[in-house]
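Report on the following structure.
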Amino acid sequence: MTGPVQQEMERLLADAFSPTRLEVINDSARHHGHAGDDGSGESHFTVVIEAPAFADKNRLERQRMVNKALGDIPGERVHALAIQASAPTP
């Protein structure tokens with residue numbers, strides 16, 4: 553079951569990048585009781601995204617693009633976000 557933050561992240565990323573692959577993985581259960589665990593069950597995520605928009609962008613540029621698309625979610629509503637962003641291979 554996905555929660556509201558995860559669903560919003562999926563929608564924002566799909567709208568921003570029209571990805572060929574998108575996985576938003578909730579890692580919160582693995583961090584229960586750790587720093588940043590707010591008890592919501594939606595504090596730690598991994599995003600795996602593949603989109604043509606990432607072509608010719610370095611890792612830092614891709615991560616900034618993802619963070620920008622997510623708005624206030626990283627840092628405000630989500631404690632930890634791991635990003636694996638890539639362009640499709642030809």
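Going by my numbering, the sequence shown opens with residue 553, and the numbers climb by one from there.
All residues carry an ideal CB built from backbone N, CA and C; glycine is no exception.
Note that the structure is predicted; figures quoted are calculated from it, not measured.
1. In terms of residue numbering, what span does the alpha helix (DSSP H) encompassing Arg563 cover?
2. If we count the other Cβ atoms within 10 Å of its Cβ and call it buried at 16 or more, is Pro626 buried or exposed?
3. Going by other Cβ atoms of all chains shown within 10 Å of its Cβ, with 16 needed for buried, is Pro604 buried or exposed?
4. Just to confirm the assignment, what range does the beta strand (DSSP E) spanning Val630 have?
5. Mapping the DSSP letters down to three states, classify Asn619 as helix, strand or coil.
6. Do you know how far the Cα of Glu594 is from the Cα of Val557?
7. Which residues in the same chain have their Cβ closer than 7 Å to the Cβ of Arg614, if we skip the five residues on either side of it in sequence?
In brief:
1. Along the sequence shown, one-based indexing puts residue 563 at 11. Counting along the chain, the alpha helix (DSSP H) containing Arg563 begins and ends at Pro556 to Phe569.
2. Position 74 of the sequence shown holds residue 626. Buried, since its Cβ has 16 or more Cβ neighbours within 10 Å.
3. Indexing the sequence shown from 1 puts residue 604 at position 52. With fewer than 16 Cβ atoms within 10 Å of its Cβ, Pro604 is classed as exposed.
4. Working through the sequence shown from its first residue, we reach residue 630 at position 78. From DSSP, Val630 is part of no beta strand (DSSP E); its letter is neither H nor E.
5. Position 67 of the sequence shown, counting from 1, holds the residue named residue 619. Asn619: helix per DSSP, three-state reduction.
6. Counting from one through the sequence shown, the residue named residue 557 turns up at place 5. Counting from one through the sequence shown, the residue named residue 594 turns up at place 42. Near 7 Å, if we compare the C-alpha coordinates of Glu594 and Val557.
7. Working through the sequence shown from its first residue, we reach residue 614 at position 62. If we look at Arg614 and ignore the five residues flanking it on each side, its Cβ neighbours are Phe606 and Ala637.
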